[in-house]
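Enquirer: In the UniProt record's numbering, the protein residues as written are 1 to 858.
Beta carbons are placed, not taken as given, at the ideal position from N, Cα and C, and that holds for glycine.
This one's a predicted model, so the numbers in the text were calculated from it and none came from an experiment.
Quick one: structure below, then a few questions.
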């Protein structure tokens, strides 16, 4: 690496040398400590800008370059706008990849993790994001995860953290359980293995208690979060309204509650289906014949090997086992045979459904497969007031009359009747529309004490137990006499035992169970021998509240200071990938609401504004070594420099769009930076020159950019700002080369504004330009220049108006005149009116702002 003196010599030699400039400014910035937030006495307004923290698996990659580049643009922009900006960094350093990598290499997960962190820190330093390094954190530090444990205990006190037995998602490769959100299309979201079900006793957070708030509070985020993310969260929570209906079971004392969104179709229920892997199915089959028990047992084994996605698929054959039991329809007293079938899930509603095959496609497919009755109770041929009917056409495209419509026969057509209509074959509900029938059927159920209004959710409680080593130990002690005993807060953190001597390979139970000295403890309550809980927490616990830890990253007495949260939080601008739209964001929102309820926070949403960056691709595909299309972050830095890389990513398009590295040009970005840098060395006027004496045309371009850039930055149109900077640099170059010359005040003003705005994208180049223009560092702290409003007045242009090809008038109009405005002005022209006379205008062609061509006849 070049010395500071050598670098300065290179920088002054007239050639743009990105390596020399980087070597020159990195140590100076570190010495100045420019980006420390919250200094005593700082009275500036505050902004909190945060990028989702990285996982330390190897070096930084191009995805990091994009995400942290965009986050840094936002942080630098708000500093220029006069804000004290908190822009911290840390590492999401617990988790399976580190543990699996350590197992593969025969290493300690801690050593592997912290070595990667050191490598990523070196790369971040070269990339120059404006982080407040004084708040750096690692979630695998005991100083951090003790507060995971503290938060767990607070939730345990409130009944939000609890332990229960049940069927859980099991990854056979990683040998650990998964939360529902970590199962993607039936596969483990981390390793891709097909997920199965396993009966285990596990720890959960009661997220479902917050389902309504998590759903309704999304209204606060409309317009500030990407609509796609808001929709994904709504769909995942999946609130349904309907009724809980009590079905009596022959030979069973207690009725079975069944949730349905369509209680109006109760008269159409012809059988019941229970989930084969539910406790209810096991109970019901216990009274069946040996033959049915055997058949059910075989069926259950096959079901447990299926994913939930497969089970819910509508295009697979329907299978099931009749349990030789009957339910009683509470609204008409009919006996309904009870079947176990895999298309019903144990954790949906109450694990049982009433099957209405005429009006539900999966129920119909099942009924046809097993020759079960189908009864139509909604006449979809009858129009409903307020609903626009879909009028069917015959084979000739002619609308069909009511008497010509096909008979309602789902059995023969194989298509369930799911449209709107009026109730039939439903006793007192006949003739009612769907909404009225739903309301009346619930009233009838309530009158009989057999049902009530209810809501159901797709969302399930968050399973946080993991049977792996590299995570936060759960702070519970199990005592034979006292049961579950929380670890006293004074004993936190419960530290992980040394990995040396432990077999970390996945084997279906936690490796911590083999750490005898760690596991075997004394019960804090009664003093009897006891054991620690050997599971660790899901690492999404770590990232659910880390934004608050940054506020007091070095405080050993508390997780965070509520007074600091009042000053800084919630996060004003959050940046990260859309792949976290459900998992991380949902859990972080949940934690924030819990902390609000506990009195630690005054707000209920953690992230005010969200920016999702796209992916960095190569030749249309996701980068990977196996595909041979990997573009390495470090090699791009070596080849083109930090600033060229950052400008390339910002200029490639809107941040949310994917970037194909094959289509962009860091070489072109480097050439642009060199042009800008050379201008700063050619400015011949002094810093105290009066700018108003400068060339008006160049000043107008400069001040339009000053005026437009804030809106562009706040709407994430970074590529447009870069394009406008290129325009300004070209205009400045032209002013130097073709007049009025390098000594003109407007040239200095343009160069200074270029350096200030360029700091958002290319901090090294911008800082060096600022010094060459005669100023002390740092340009990063320069207040945003105010545009001169007089220079923003729109330019006037001359528009030519032709009638039948002959020029009839010239109009002085705004350069931004619209097509409609220009046509109106042309028609209103007296000269044009005389030329048209009594003839008919047959065509008007407008090329705003310069031409109107009117064609006539007659």
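Confirm, please, whether the CB-CB distance from residue 96 to residue 38 is below 8 Å.
Expert: If you number the chain shown from 1, residue 38 lands on position 38. If you number the chain shown from 1, residue 96 lands on position 96. No, the Cβ-Cβ distance between residue 38 and residue 96 is not below 8 Å.
Enquirer: On the three-pair Cβ rule with 8 Å, is the stretch 538-557 touching the stretch 511-526?
Expert: No: the two stretches stay apart, fewer than three of their Cβ pairs being nearer than 8 Å.
Enquirer: Check each candidate in 221, 119, 105 and name the one with the smallest Cα separation from residue 606.
Expert: Start at 1 with the first residue of the chain shown, and residue 606 comes out as number 606. Of 221, 119, 105, the residue nearest in Cα terms is 221.
Enquirer: Would you tell me roughly how many angstroms separate the C-alpha atoms of residue 159 and residue 458, rounded to the nearest one?
Expert: As a working note, residue 159 is residue 159 in the chain shown. As a working note, residue 458 is residue 458 in the chain shown. Rounded to whole angstroms, residue 159 to residue 458 spans 21 Å at the Cα level.
Enquirer: Taking buried to mean at least 16 other C-beta atoms within 10 Å of its own C-beta, is residue 412 buried or exposed?
Expert: Here residue 412 is taken as the residue at index 412 of the chain shown, counted from 1. The residue in question, residue 412, is exposed, as its Cβ has fewer than 16 Cβ neighbours within 10 Å.
Enquirer: Taking all protein chains shown into account, decide if residue 301 is buried (16 or more other Cβ within 10 angstroms of its Cβ) or exposed.
Expert: Indexing the chain shown from 1 puts residue 301 at position 301. With fewer than 16 Cβ atoms within 10 Å of its Cβ, residue 301 is classed as exposed.
Enquirer: Specify the secondary structure class of residue 47 as computed by DSSP and reduced to three states.
Expert: Locating residue 47 in the chain shown gives position 47, where the first residue counts as 1. Note: residue 47 maps to strand in three-state DSSP.
Enquirer: Thinking just about the alpha-carbon of each residue, which of 802, 753, 796 is nearest to the one in residue 782?
Expert: Here residue 782 refers to the residue found at position 782 when the chain shown is read from its first residue. Looking at the Cα atoms, 753 is the closest of the given residues.
Enquirer: Check for me: the beta strand (DSSP E) holding residue 244 runs from which residue to which?
Expert: Locating residue 244 in the chain shown gives position 244, where the first residue counts as 1. From DSSP, the beta strand (DSSP E) with residue 244 extends over 240-249.
Enquirer: Assuming residue 770 contacts residue 492 under a Cβ cut-off of 8 Å, what Cβ separation, rounded to an integer in Å, is found between them?
Expert: For the purposes of this step, residue 770 is taken as the residue at position 770 of the chain shown. For the purposes of this step, residue 492 is taken as the residue at position 492 of the chain shown. Contact doesn't hold; Cβ gap of about 48 Å is too wide.
Enquirer: Taking just the CA atoms, how far does residue 764 sit from residue 646?
Expert: Residue 646 sits at position 646 when you count from the first residue of the chain shown. Residue 764 sits at position 764 when you count from the first residue of the chain shown. Taking the straight line from one Cα to the other gives about 11 Å.
Enquirer: Taking 8 Å as the threshold (C-beta atoms), are residue 326 and residue 338 in contact?
Expert: Walking along the chain shown from the start, residue 338 turns up at place 338. Walking along the chain shown from the start, residue 326 turns up at place 326. Closer than 8 Å, so yes.
Enquirer: Under 8 Å by Cβ, that's how I've got residue 442 and residue 428 pegged, so tell me the actual separation to the nearest angstrom.
Expert: Locating residue 442 in the chain shown gives position 442, where the first residue counts as 1. Locating residue 428 in the chain shown gives position 428, where the first residue counts as 1. Rounded, the Cβ-Cβ distance is 13 Å, inconsistent with contact.
Enquirer: Give me the Cβ distance between residue 430 and residue 424, rounded to the nearest whole Å; I'm assuming they're in contact under 8 Å.
Expert: Stepping through the chain shown from its first residue, residue 430 is reached at position 430. Stepping through the chain shown from its first residue, residue 424 is reached at position 424. So it is a contact: roughly 6 Å between Cβ atoms.
Enquirer: Measure the beta-carbon distance from residue 633 to residue 60 and round it to whole angstroms, keeping in mind my assumption that it falls under 8 Å.
Expert: Taking the first residue of the chain shown as position 1, residue 633 is located at position 633. Taking the first residue of the chain shown as position 1, residue 60 is located at position 60. Going by Cβ atoms, the distance from residue 633 to residue 60 rounds to 5 Å, so yes, they are a contact pair.
Enquirer: Report the option in 225, 226, 167 whose CA atom is closest to the CA atom of residue 278.
Expert: As a position in the chain shown, residue 278 is number 278, starting the count at 1. Considering only alpha carbons, the answer is 167.
Enquirer: Specify the secondary structure class of residue 473 as computed by DSSP and reduced to three states.
Expert: Your numbering for residue 473 matches position 473 in the chain shown. Strand, per DSSP.
Enquirer: Could you check if residue 377 is buried or exposed, using at least 16 other CB atoms within 10 Å of its CB as the buried criterion?
Expert: As a position in the chain shown, residue 377 is number 377, starting the count at 1. Buried, since its Cβ has 16 or more Cβ neighbours within 10 Å.
Enquirer: Determine the burial state of residue 422: buried for a count of at least 16 other Cβ atoms within 10 Å of its Cβ, exposed for fewer.
Expert: Your numbering for residue 422 matches position 422 in the chain shown. Residue 422 comes out buried.
Enquirer: Run through the DSSP bridge pairs and tell me what residue 840 is partnered with.
Expert: By one-based count along the chain shown, residue 840 stands at place 840. According to DSSP, residue 840 bridges with 857.
Enquirer: Just list the residues that DSSP pairs residue 166 with in beta bridges.
Expert: Against the chain shown, residue 166 aligns to sequence position 166. DSSP, once it has assigned bridges, lists 200 as partnering residue 166.
Enquirer: What does DSSP give as the partner residues of residue 483 in its beta bridges?
Expert: By 1-based counting over the chain shown, the position of residue 483 is 483. Looking at the DSSP assignment, residue 483 forms a beta bridge with 479.
Enquirer: Can you find the residues in the same chain that come closer than 6 Å, C-beta to C-beta, to residue 851, ignoring five residues on each side of it along the sequence?
Expert: Taking the chain shown and counting its residues from 1, the one referred to as residue 851 is at position 851. Counting only Cβ-Cβ distances below 6 Å, and skipping sequence neighbours, we find 800.
Enquirer: Would you list the residues sitting across from residue 800 in a DSSP beta bridge?
Expert: Counting from 1 along the chain shown, the entry for residue 800 is found at position 800. Answer is 810, 851, bridged to residue 800.
Enquirer: If you count every other CB in all the chains shown that lies within 10 Å of the CB of residue 508, and 16 or more means buried, which is it?
Expert: As a first step, residue 508 is located in the chain shown; it is residue number 508 there, counting from the start. When all chains shown are included, residue 508 counts as exposed.
Enquirer: Give a yes or no on contact between the stretch 64-75 and the stretch 466-482, applying the rule of three or more CB pairs nearer than 8 Å.
Expert: Short answer: they don't touch.
Enquirer: Is there contact between the stretch 611-630 and the stretch 185-199, where contact requires at least three CB pairs shorter than 8 Å?
Expert: Judged by Cβ distances under 8 Å, the stretch 611-630 makes no contact with the stretch 185-199, as fewer than three pairs qualify.
Enquirer: Can you check which of these residues, 748, 581, 355, 600, is closest to residue 154 by C-alpha distance?
Expert: In the chain shown, counting from the first residue as 1, residue 154 sits at position 154. The residue with the shortest Cα to Cα distance from residue 154 is 600.
Enquirer: I need the DSSP call for residue 22, collapsed to helix, strand or coil.
Expert: Taking the chain shown and counting its residues from 1, the one referred to as residue 22 is at position 22. Helix at residue 22.
Enquirer: Can you list, in chain order, the residues of its chain whose CB lies under 7 Å from that of residue 848, leaving out five sequence neighbours each side?
Expert: Against the chain shown, residue 848 aligns to sequence position 848. 817, 818, 819, 822.
Enquirer: Starting from residue 633 and walking both ways along the alpha helix (DSSP H), at which residues does that stretch end?
Expert: As a working mapping, residue 633 is identified with position 633 in the chain shown. Start and end: 633-640.
Enquirer: In its own chain, which residues sit with a C-beta less than 7 Å from the C-beta of residue 374, not counting the 5 before and 5 after it?
Expert: One-based indexing of the chain shown puts residue 374 at position 374. So the list reads 270, 357, 358, 364, 367, 410, 411, once near-sequence residues are dropped.
Enquirer: Starting from the Cα of residue 184, find the closest Cα among 484, 229, 230, 236 and give me that residue.
Expert: The residue you call residue 184 lines up with position 184 of the chain shown. Nearest of 484, 229, 230, 236 to residue 184, Cα basis: 236.
Enquirer: Taking just the CA atoms, how far does residue 239 sit from residue 436?
Expert: For this step, residue 436 is matched to residue 436 along the chain shown. For this step, residue 239 is matched to residue 239 along the chain shown. The straight-line gap from Cα to Cα measures roughly 21 Å.
Enquirer: Using beta-carbon positions only, say whether residue 616 and residue 62 come within less than 8 Å of one another.
Expert: Within the chain shown, the letter at position 616 stands for residue 616. Within the chain shown, the letter at position 62 stands for residue 62. Yes. Within cutoff.
Enquirer: With C-beta atoms as the reference, is residue 478 less than 8 Å away from residue 533?
Expert: Start at 1 with the first residue of the chain shown, and residue 478 comes out as number 478. Start at 1 with the first residue of the chain shown, and residue 533 comes out as number 533. In contact: residue 478 and residue 533 (Cβ atoms closer than 8 Å).
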